[in-house]
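Taking our numbering as reference, the numbering of the sequence shown is continuous, increasing by one, and the terminal residue is 828.
Don't be surprised by glycine CBs; every beta carbon is placed ideally from N, CA and C.
In what follows, a structure is listed as structure tokens, so that the remarks can point back to it.
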Amino acid sequence: LYPNPASNAFSLSIAAQKVEVYALTGQLVKTFGSNAAGTTYDVSGLGRGIYMVKITDANNAQSTIKLVKE
Numbered sequence: 759l760y761p762n763p764a765s766n767a768f769s770l771s772i773a774a775q776k777v778e779v780y781a782l783t784g785q786l787v788k789t790f791g792s793n794a795a796g797t798t799y800d801v802s803g804l805g806r807g808i809y810m811v812k813i814t815d816a817n818n819a820q821s822t823i824k825l826v827k828e
């Protein structure tokens, strides 16, 4: 996930089946569908803070990465 911290958008270096952005409270605040590697994800509507980005790939493997939104 780059850049991190991000201002308005971030990209992933891998293809993702689903990308979900969660507030630290556990609330789902943004969802993105299937996209190729290098896709830019717009988070300009989110407030400054720390979010958790849950990435699901085509094999249903999941990973979670911390995102700092400036």
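Alpha carbon to alpha carbon, how far is residue j from residue i? Give it in angstroms, no decimals.
i: V801; j: A816; result: 23 Å
i: K776; j: K827; result: 20 Å
i: V781; j: I808; result: Before going on, a small fix: residue 781 reads as Ala here, not Val. Those two C-alpha atoms are separated by around 7 Å.
Run through DSSP, which three-state label would residue i get?
i: Q775; result: coil
i: S765; result: coil
In the DSSP output, which residue or residues are listed as bridge partners for residue i?
i: V811; result: V779, I823
i: T789; result: E778
i: T798; result: S769
Under 8 Å between the Cβ atoms of residue i and residue j?
i: V787; j: V811; result: no
#### Entry: Stretch-stretch touch, CB-based, cutoff 8 Å, three pairs: the segment 760 to 774 with the segment 789 to 804
Yes, the segment 760 to 774 is in contact with the segment 789 to 804.
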